[in-house]
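Encoded as structure tokens, the structure appears first; notes follow it.
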Amino acid sequence: MQRFGEPDEIAPIAAFLSREEARYITGEIIRVDGEWQYDV
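Numbering-wise (the working numbering), the sequence shown opens with residue 271 and increments by one.
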């Protein structure tokens, strides 16, 4: 991919994390970066 994301691609993740169903997710880094950061 390696392109900047569009708001409609980022919004679903933000919306999910703000819902009650995501209450157990804490202290995580969830990358929504279009593969810009690469871990070896």
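Positions of the beta carbon are idealized from the N, C-alpha and C atoms, including for glycine.
Computed from a prediction, not measured in an experiment: that's the story for all the values here.
For this session: Starting from Asp278, follow the alpha helix (DSSP H) in both directions and report where the run begins and ends.
Result: Pro277 to Leu287
Exercise. Residues in its own chain within less than 6 angstroms of Arg273 by CB, not counting five upstream and five downstream?
Worked result: Gly304
Exercise. Just how far apart, CA to CA, sit Pro282 and Glu276?
Worked result: 11 angstroms
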